[in-house]
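Using this note's numbering, you'd call the opening residue of the sequence shown number 1097 and step up by one each time.
The structure appears right after this line, and notes come after that.
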Amino acid sequence: MPERDTVLWNSMIYGLVNNYCYDESVQVFRDMIAQGVKLDSSTLTAVLPAVAELQELRV
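Okay, here's the thing in structure tokens:
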């Protein structure tokens, strides 16, 4: 599989959030950070609904 870029990570997060998999979407976000992938505004837009739903202030 080619290297995962920001667009791919964001797509995974959006897909998980749209399917109400909030814990998993936050975990993918954490994995993204751990891999050193650069975040962009779409990343934050994707993960924000999950964080709000989980009332998770620490990400």
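Ideal placement from N, C-alpha and C gives every residue a C-beta, glycine not left out.
Check your understanding: Rounded C-beta distance between VAL1143 and THR1102? I'm assuming under 8 Å.
Key -> No, VAL1143 and THR1102 are not in contact; Cβ-Cβ is about 13 Å, not under 8 Å.
Exercise for review: Pick out whichever of GLN1131, PHE1125 and ALA1130 has its Cα sitting closest to the Cα of GLU1152.
Suggested key: PHE1125
Point to revise | CA-to-CA distance, THR1141 to TYR1116, given in whole angstroms | key: 15 Å
Exercise for review: Give every residue of the same chain whose Cβ lies closer than 6 Å to the Cβ of ASN1106, excluding the five residues on either side of it in the sequence, and list them in chain order.
Suggested key: SER1138, THR1139 and ALA1142
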